[in-house]
Amino acid sequence: MNEPGWHEPPRVTSVLRTDALDALAADVGAGEAELFAGRYLALLEQRVGNLRQAAETADATGVREAALSLQTTSAMIGAEALAGTVAALPTVAGSVVGESVAEVEVVAAVTTGALVARASAAIPVGAGA
242 MNEPGWHEPP RVTSVLRTDA LDALAADVGA GEAELFAGRY LALLEQRVGN LRQAAETADA
302 TGVREAALSL QTTSAMIGAE ALAGTVAALP TVAGSVVGES VAEVEVVAAV TTGALVARAS
362 AAIPVGAGA
């Protein structure tokens, strides 16, 4: 579908790199890595909301701060699809285009699902994929 206004979904080959979680566990310990993953999930919706609000109000500084927070924490947790989507956000006059924020929201939802599935499968951080 390439109708006007229709955007192709991002081509995602990997939503979650579990080796990033394992590397984090190796650096700070499995318990701390699990806590970080839990905090990441708990704050993900708020971070995406901050990006949406900044984009809607054309707050260029807010967009940069929200995007950096979301991109950095996503990369640390191994959510490479989300980190990449945020990094690729197009800007117009210093603010993010609203349709692009919707794409971030979709990728964030998929990322949440992947992290919850990993936790539900009882795969401890640091145990490898």
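For the working numbering, add 241 to where a residue sits in the sequence shown, where the first one is 1.
Built from N, CA and C at the ideal position, the CB exists for glycine as well.
Only a predicted model underlies this, so the values are computations on that prediction, with no experimental measurement involved.
Annotation: the continuous alpha helix (DSSP H) that includes Asp260 extends over Thr259 to Val269.
DSSP, reduced to helix, strand and coil, places Ala329 outside both helices and strands of the structure shown, so it counts as coil. By the C-beta criterion, the region 255-275 is judged to be in contact with the region 309-318, since at least 3 inter-stretch pairs fall below 8 angstroms. Check the Cα spacing between Leu323 and each of Ala267, Arg288 and Phe277: the tightest is with Arg288. Excluding its 5 nearest sequence neighbours in each direction, Ala278 has C-beta neighbours in its own chain below 7 angstroms: Leu262, Ile318, Leu356 and Val366, listed in chain order.
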